[in-house]
Structures are given as structure tokens and as C-alpha cells.
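With my numbering as the guide, the letters of the sequence shown map in order to residues 42 to 653. Heads up: the structure comes next, in C-alpha cells.
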Amino acid sequence: SSYLIRKANFVACHQWVFIEKLDMLAYAEKGATFLVNSPFSADAVWGEFPREVQQAIIDLDLKVYCIDATDVARETGMGRRTNTIMQTCFFAISGILPRDEAIEKIKGAIKKTYGAKGDEIVQLNYNAVDGTLANLHEVKVPDTVTATVTRPPTVSDEAPDLVKKVTALMLEGKGDLLPVSAFPPDGTWPTATTQWEKRNIAIEIPVWDEGLCIQCNKCVMVCPHAAIRAKVYEPAALDGAPETFKAVDYKAKDFADSKYTIQVAPEDCTGCELCVRVCPAKDKANPKHKSLNMAAQMPLREQERENYAFFLDLPEVDRTKVKIDVKGSQFFQPLFEYSGACEGCGETPYVKLLTQLFGDRLLVGNATGCSSIYGGNLPTTPYAVDENGRGPAWNNSLFEDAAEFSLGFRLAIDQTSSAAKRMLKGLASKVSEGLVDEILLAEQLSEEGITAQRARVETLRKKLGAIDSPDARTLAHIADYLVRKSVWAVGGDGWAYDIGYGGLDHTLGIGRNVNLLVLDTGVYSNTGGQASKATPLGATAKFAMAGKEIPSKDLGMMAMAYGHVYVASVAFGAKDSQTVRAFLEAESYDGPSIIIAYSHCIAHGYNMSDAL
42 SSYLIRKANF
52 VACHQWVFIE
62 KLDMLAYAEK
72 GATFLVNSPF
82 SADAVWGEFP
92 REVQQAIIDL
102 DLKVYCIDAT
112 DVARETGMGR
122 RTNTIMQTCF
132 FAISGILPRD
142 EAIEKIKGAI
152 KKTYGAKGDE
162 IVQLNYNAVD
172 GTLANLHEVK
182 VPDTVTATVT
192 RPPTVSDEAP
202 DLVKKVTALM
212 LEGKGDLLPV
222 SAFPPDGTWP
232 TATTQWEKRN
242 IAIEIPVWDE
252 GLCIQCNKCV
262 MVCPHAAIRA
272 KVYEPAALDG
282 APETFKAVDY
292 KAKDFADSKY
302 TIQVAPEDCT
312 GCELCVRVCP
322 AKDKANPKHK
332 SLNMAAQMPL
342 REQERENYAF
352 FLDLPEVDRT
362 KVKIDVKGSQ
372 FFQPLFEYSG
382 ACEGCGETPY
392 VKLLTQLFGD
402 RLLVGNATGC
412 SSIYGGNLPT
422 TPYAVDENGR
432 GPAWNNSLFE
442 DAAEFSLGFR
452 LAIDQTSSAA
462 KRMLKGLASK
472 VSEGLVDEIL
482 LAEQLSEEGI
492 TAQRARVETL
502 RKKLGAIDSP
512 DARTLAHIAD
522 YLVRKSVWAV
532 GGDGWAYDIG
542 YGGLDHTLGI
552 GRNVNLLVLD
562 TGVYSNTGGQ
572 ASKATPLGAT
582 AKFAMAGKEI
592 PSKDLGMMAM
602 AYGHVYVASV
612 AFGAKDSQTV
622 RAFLEAESYD
632 GPSIIIAYSH
642 CIAHGYNMSD
652 AL
């Protein structure tokens with residue numbers, strides 16, 4: 042529409058969480074119809090509405106209908122797809138067309154839209170339509186408000202002021218009402234703000250059976266949203282733990298006499314089930330029961346919210362004492378969390394891993410595509426910082442420029458680092474020859490080396506504070522460049538194989554220490570699943586519905602032809618250990634590297650819970 046609706050005679054709430062998050066009835070006119078997808082029955086749903094919603098329904102004399110569309114979708118084999126069901130409800134209630142005629146036209150549209158996907162998909166949608174009307178019920182509206190609870194605030198009171206005053210309104214869909222003066226004048230935006238969203242979109246979340254757990258951390262590795270995490274910690278840290286908080290003895294010898302916990306973030310989990318599917322620990326008496334099992338989110342929400350808050354306050358692991366493999370890497374704090382990526386996304390586990398391994402010294406030049414949308418979108422940002430305030434530095438240039446953009450990062454870092462070293466040598470007699478030699482000759486390829494170098498730089502800064510010279514003041518400002526930086530260009534196959542290939546090739550060919558991470562879905566994911574040069578021979582995608590007629594470009598082989606490029610092809614669902622090893626090898630290699638990371642995607646057309 043060319044205009045915003047200000048008076049609606051039909052309002053539909055397709056997800057129950059919107060009742061808790063949004064003013065759904067702000068534009069409903071008197072006597073309008075309100076349709077709700079509700080997990081509660083027609084007899085119970087009134088009591089679940091917040092006080093504001095009940096009051097609006099009574100004041101506006103609304104007709105209320107409810108259906109558990111999620112259950113209908115599940116029963117008819119539609120998974121979580123409720124669009125056909127809710128559309129059928131609309132025509133059944135609105136009276137725009139006679140009911141039988143409306144259903145006939147809906148089925149015609151289904152045949153036209155999904156016919157190319159096969160008769161089975163069409164029939165599933167037909168079944169959903171046929172099963173809808175029997176589950177659609179009118180809600181009896183009482184004369185008075187009975188609710189004792191009100192709609193919770195959009196964000197926690199603990200959130201920063203900008204998040205409460207600006208981000209919260211944008212989350213409520215009221216960003217157009219914000220004045221220009223409300224925004225930061227220099228255009229900067231705070232990071233680590235996805236933690237305040239608490240979207241509550243999961244119908245089911247994983248529940249940990251600690252007695253079966255083998256403590257492999259594979260579930261943490263595959264989670265696209267960093268919504269399930271592991272920690273190992275001293276037993277004393279459990280003082281004051283909630284009654285339902287779970288902890289067991291840690292089994293391995295690297296942290297002897299410690300406790301171990303797997304904890305889900307109930308309000309940030311999307312319910313994709315990947316953690317459950319990857320879990321290898323099964324009950325021998327009942328193989329269907331694993332160490333992780335899905336259970337309804339709503340009854341667990343309050344309990345697990347408290348548990349997760351306690352979990353976050355547990356101390357982070359000492360990075361210098363961890364063996365960095367699949368298990369060890371997943372004890373590291375993810376500095377990419379709760380993004381808006383699709384449930385079950387195959388790209389974000391790689392981005393999360395990148396921040397776990399190198400996040401406190403990471404610079405990312407991002408291509409445009411899925412990774413820039415879930416990575417740098419407003420109103421919230423998933424890139425976060427650690428307890429020391431360190432986190433990834435992220436930027437996005439033009440779609441095709443990520444590689445050369447990141448090369449610019451590297452050139453600037455190298456230039457600044459060289460200047461810092463030159464000044465350091467010139468001030469050696471004033472700050473200590475021994476300290477200068479230690480800084481200049483430091484090993485910085487391990488966590489121990491990085492930690493030790495940071496300590497030396499901090500000592501240097503203190504000494505520089507006592508020296509009154511321009512070089513000392515400048516060096517104090519740029520001393521952090523004496524710590525090794527990790528530069529990565531990140532993007533999809535649309536960038537790497539197609540529009541950005543020229544820049545990618547130039548960056549590899551120039552020989553500087555830039556790492557390229559290609560999130561390879563084999564299609565243009567962000568624009569809807571069109572075929573790309575990465576699409577395999579015979580694969581079906583948009584613009585190649587009869588199957589792609591030529592093989593995919595062998596990007597890895599082309600990079601190998603240079604002879605000086607580190608090249609790896611990884612798939613965390615196939616071999617997670619090789620994935621972690623490739624990331625470590627690429628980063629430690631003093632030259633260009635490229636990792637081609639296979640990423641499953643909803644554009645592939647199957648259930649993402651089956652993606653591993």
C-alpha cells in the first residue's frame with residue numbers, strides 16, 4: 042500500500058509473542074474482528090491476554106477468534122508454516138467471499154504457487170486448509186477486564202538509556218515516530234544490543250539431561266544464535282544458584298575438580314533443534330531420549346530465564362588454559378549472539394566461531410548479503426564485547442568490495458603497527474630496553490602469547506605516561522597496534538564467486554595477511570535462493586528450476602593456483618574438528634587465506650533441523 046493503515050476492521054496476530062511485545066490493537070476500529078494464533082483454547086485464551094489487550098477488546102467491542110495454527114500446521118505436516126492456515130481463517134471470518142468460493146480460490150493459489158515443488162507439498166497445504174475451520178473458534182468476551190498482569194516492557198530496565206529510549210521504540214514498530222534529535226549525532230550505534238530483544242519465538246527449547254551428557258560441546262558449536270552455551274568453573278561459583286540450575290562434575294582432566302553446565306537462553310533460542318540433532322548422547326534404554334530434548338518453551342520460560350541470568354554471571358574460562366579444539370573453543374564467550382538470522386541458519390555458526398577464537402582482536406570487512414543483514418542490521422546488533430570491553434570491529438562497504446575493503450584494514454594496521462614499533466625503538470632508553478625487546482620479539486600465535494603481549498603493552502602505557510614527549514603521547518594512543526590483529530573479509534558466494542570475485546582475486550594475489558571467509562550456500566540466499574556460480578551441477582534453484590546446466594566454479598582450486606594462499610574447504614556439520622583446525626591455521630598463516638565454508642540454508646527447501 043502507498044499509505045499506512047490507521048483504521049483496521051480486521052486485525053490478525055499470527056504469533057502469540059506479538060501479544061506480549063506489540064500494541065496489536067492500536068489501529069483497530071470499533072466493532073473490528075481480531076484473529077489470534079493462540080496456544081491456548083478458546084475458553085482459556087481470554088485469561089492469557091494482558092490487561093491492556095482485554096481493555097481494548099471491551100472498549101472497541103471487538104469480535105475475537107482464535108486458532109492454534111501452530112498445532113494445525115504440525116498435525117497436517119506443514120511444520121511451523123502457518124501462512125496458509127491463517128489466510129484461510131481470514132477468508133472464513135471476513136466474509137469478503139463466500140466461504141466455499143474462498144477455499145476453492147485458496148486451493149487454486151496453492152496449486153499455482155507450490156505446484157512446481159510436487160504434489161506432496163500441494164496436498165500438505167490442502168490438508169492444512171481443510172483442517173483449519175474445525176479448529177477456528179470464536180472467543181466469548183466478558184463485560185469486564187479480568188487480567189491482573191500488564192504487557193511487560195519491551196526491553197529490560199537494565200538496558201542502556203539509548204536502548205530504552207530509541208531501540209525499544211523501533212522494536213515496537215514505532216521508529217517512524219522518533220525525532221531526529223533522539224539519534225546519536227555522529228551516527229555511531231551501540232553494539233551487543235540483541236541481548237535486550239528477548240524475542241521468545243521458540244515454541245520448544247532444548248532441555249538438558251545432565252546425567253546423559255558426555256560434555257562434547259557439539260551442541261554449542263552448531264547453535265546458530267549462541268543460545269545454548271557451556272561453562273566450566275570452580276564449585277564455589279555455584280553459591281546462590283537457583284534451585285533448578287543444573288551442574289555436574291567436569292569429566293576431563295584439563296579442569297579437574299570443576300563443575301560443568303550446559304544452559305539454554307530460553308528467550309533467545311529459535312527452537313531450530315540443531316543442538317538436539319547433533320547430540321550423540323542417548324539413553325540406552327530409550328534411544329529417542331538424548332542428553333538434549335525439546336520441550337514446550339512457555340512453561341519453562343521463567344525458570345530458565347533465571348537460570349540463564351545466573352549462568353551469565355559465572356566466570357568465563359581462562360583462555361590460556363584451554364586446548365583449542367571443538368570442545369575447548371566452545372567454552373570461549375561468543376561475541377556474536379542472538380542474531381536475526383533464520384532459525385537453523387548454516388552461516389552464523391562460522392561467524393560465531395570466528396568471534397570465539399579471535400573476537401577480542403578481530404576486524405571484519407563484511408560484504409552485503411545475509412551476513413551484513415543479521416550482522417549489522419538495526420535496531421539491534423549481535424556483535425558483542427567481553428568483560429574487558431574488547432570485541433570485533435565490524436564494517437560494511439559496497440556489496441562487491443569486502444575483500445579489498447578488508448585489505449585496506451590490513452594495510453592501515455600494518456602502517457600503524459610499523460609506526461608504533463619505530464617510536465618504541467626510539468623510546469627504548471626511556472621505557473626499558475628489555476621491555477622493548479620483549480614486545481618486538483613476542484610470540485603472538487597463541488592465547489598465552491596474546492595475553493602476555495597485552496600485559497607488556499599495558500606496562501608500556503604506564504611508563505609512557507611519565508614521559509613528556511610527542512612520540513610518547515602518540516605511542517600511548519596507538520600502542521594497542523603492537524598486539525596482533527586478525528583481519529577477515531566475510532561474505533556469501535554471491536560476493537566471492539560472482540560480483541566481488543575481482544577484488545577477492547586481487548586480495549589473494551597481493552600476498553598480504555588477509556583472511557577470507559566465504560559462507561557458501563550455493564545460492565543467493567539474501568535475495569531468495571537464486572542460482573549462483575557456486576550452485577552445483579544439476580541443483581534446482583531459482584533461475585535454474587530444471588537443474589543448473591554447468592558445474593560450480595572451483596574457487597578453492599583457483600586460489601591454490603597462486604601457490605602462496607592457504608585454502609580450506611569446511612563443513613561444520615560434516616567434520617567440526619577440521620573446521621576449527623582450518624580457522625586456526627588460516628589465522629596463524631602469515632599471508633592470504635581463504636576458507637570456503639559450506640552453509641545449509643532455508644533456500645535449499647528442506648527442514649533446517651535435518652541440515653547436519
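Backbone N, C-alpha and C define an ideal beta-carbon position, used for all residues, glycine too. Given the structure is predicted, the values throughout are model-derived calculations rather than measurements.
key: Presumed contact (8 Å Cβ cut-off) between ILE147 and THR129, rounded CB distance   = 6 Å
ask   = Could you give the C-beta distance for GLU345 and PRO307, rounded to a whole number, given that I count them as a contact under 8 Å?
value = 4 Å
inquiry  = With three or more C-beta pairs closer than 8 Å as the rule, is the segment 313-324 touching the segment 272-281?
reply    = no
contact_flag[the segment 334-354, the segment 365-373] where n(CB pairs < 8 Å) is 3 or more = no
inquiry  = With H, G and I counted as helix, E and B as strand and the rest as coil, what does DSSP make of PHE584?
reply    = coil
message = At the level of alpha carbons, what is the spacing between ALA282 and ALA267?
response = 22 Å
ask   = Roughly how many angstroms lie between the CA atoms of ARG514 and ASP521, to the nearest whole one?
value = 13 Å
key: DSSP three-state assignment for PRO633, whether helix, strand or coil   = coil
key: Validate contact between the segment 140-158 and the segment 180-188 using beta carbons, cut 8 Å, 3 pairs   = no
request  = Reducing DSSP to helix, strand and coil, say where PRO375 ends up.
outcome  = coil
ask   = Can you name, in chain order, every residue of its own chain whose Cβ lies under 8 Å from the Cβ of ALA658, other than the five neighbours on each side?
value = What the structure shows of the chain is the stretch from 42 to 653, and residue 658 is not part of that stretch, so it cannot be assessed.
request  = Run the CB neighbour count on TYR68, radius 10 Å, all protein chains shown included, and call it buried at 16 or more, exposed below.
outcome  = exposed
ask   = Which residues in the same chain as ASP581 place their Cβ atom closer than 7 Å to its Cβ, once the five residues preceding and following it in sequence are excluded?
value = With the sequence shown as reference, residue 581 is identified as Thr, and Asp is not the correct amino acid for it. GLY588.
message = Report the CB separation of TYR538 from LYS574 in whole angstroms; it is logged as a contact under 8 Å.
response = 4 Å
task = For LEU653, verify whether its CB is less than 8 Å away from any heavy atom of the ligand ADP.
result = As for the ligand ADP, it is missing from this structure, which has no ligand bound.
key: Residues of its chain near ASN429, where Cβ-Cβ distance is below 8 Å and the 5 sequence neighbours each way are ignored   = ASP401
task = Please name the residue in GLY118, ASP84, PHE377 whose C-alpha comes closest to that of VAL105.
result = ASP84
Delimiting residues of the beta strand (DSSP E) encompassing GLY180 = Note on residue identity: the sequence assigns Val, not Gly, to residue 180. It spans 178-180 - the beta strand (DSSP E) in which VAL180 sits, taken as one unbroken run.
task = Give every residue of the same chain whose Cβ lies closer than 7 Å to the Cβ of ALA453, excluding the five residues on either side of it in the sequence, and list them in chain order.
result = none
ask   = Beta carbon of LEU403, beta carbon of LEU395: below 9 Å?
value = yes
query = From GLU213 to ILE134, what does the alpha carbon distance come to, in whole angstroms?
reply = 27 Å
Distance between GLU61 and THR229 (C-alpha atoms, nearest Å) = 30 Å
request  = With DSSP as the reference, please indicate the residues paired to MET335 in a beta bridge.
outcome  = PRO247
ask   = So SER519 packs on LEU468, CB below 8 Å; how close in whole Å?
value = Looking at the sequence provided, one finds Ile at residue 519 rather than Ser. With a Cβ gap of about 13 Å, ILE519 and LEU468 do not count as contacting.
request  = Give the straight-line distance between the Cα atoms of SER527 and SER634, rounded to the nearest whole angstrom.
outcome  = 12 Å
query = Helix, strand or coil: how does DSSP classify VAL186 here?
reply = coil
message = As a quick exercise: from PHE450, LYS471, CYS411, SER458, pick the residue whose alpha carbon is nearest that of ASP561.
response = CYS411
task = Take the Cβ of MET598 as the centre, count every other Cβ of all protein chains shown within 10 Å, and call the residue buried at 16 or more, exposed below.
result = exposed
query = Applying the criterion that 16 or more other CB atoms from any shown protein chain within 10 Å of the CB defines a buried residue, is ARG121 buried or exposed?
reply = exposed
request  = Report all residues from its chain with a CB closer than 7 Å to the CB of THR361; omit the five preceding and five following residues, and keep chain order.
outcome  = GLU488, GLU489, THR492
key: Bridge partners - THR173, DSSP secondary structure assignment   = In DSSP, THR173 forms no bridge with anything.
request  = Pick out whichever of CYS320, THR195, LEU210 has its Cα sitting closest to the Cα of CYS15.
outcome  = Lying outside 42 to 653, the shown extent of the chain, residue 15 is not represented and no answer is given.
key: alpha helix (DSSP H) segment containing PHE446, residue limits   = 443-467
request  = Note down the Cα distance separating ARG553 from ARG463, rounded to an integer number of angstroms.
outcome  = 21 Å
inquiry  = What would DSSP say about ASP202, mapped onto helix, strand or coil?
reply    = helix
task = Please say whether TRP529 and VAL426 have beta carbons closer to each other than 9 Å?
result = no
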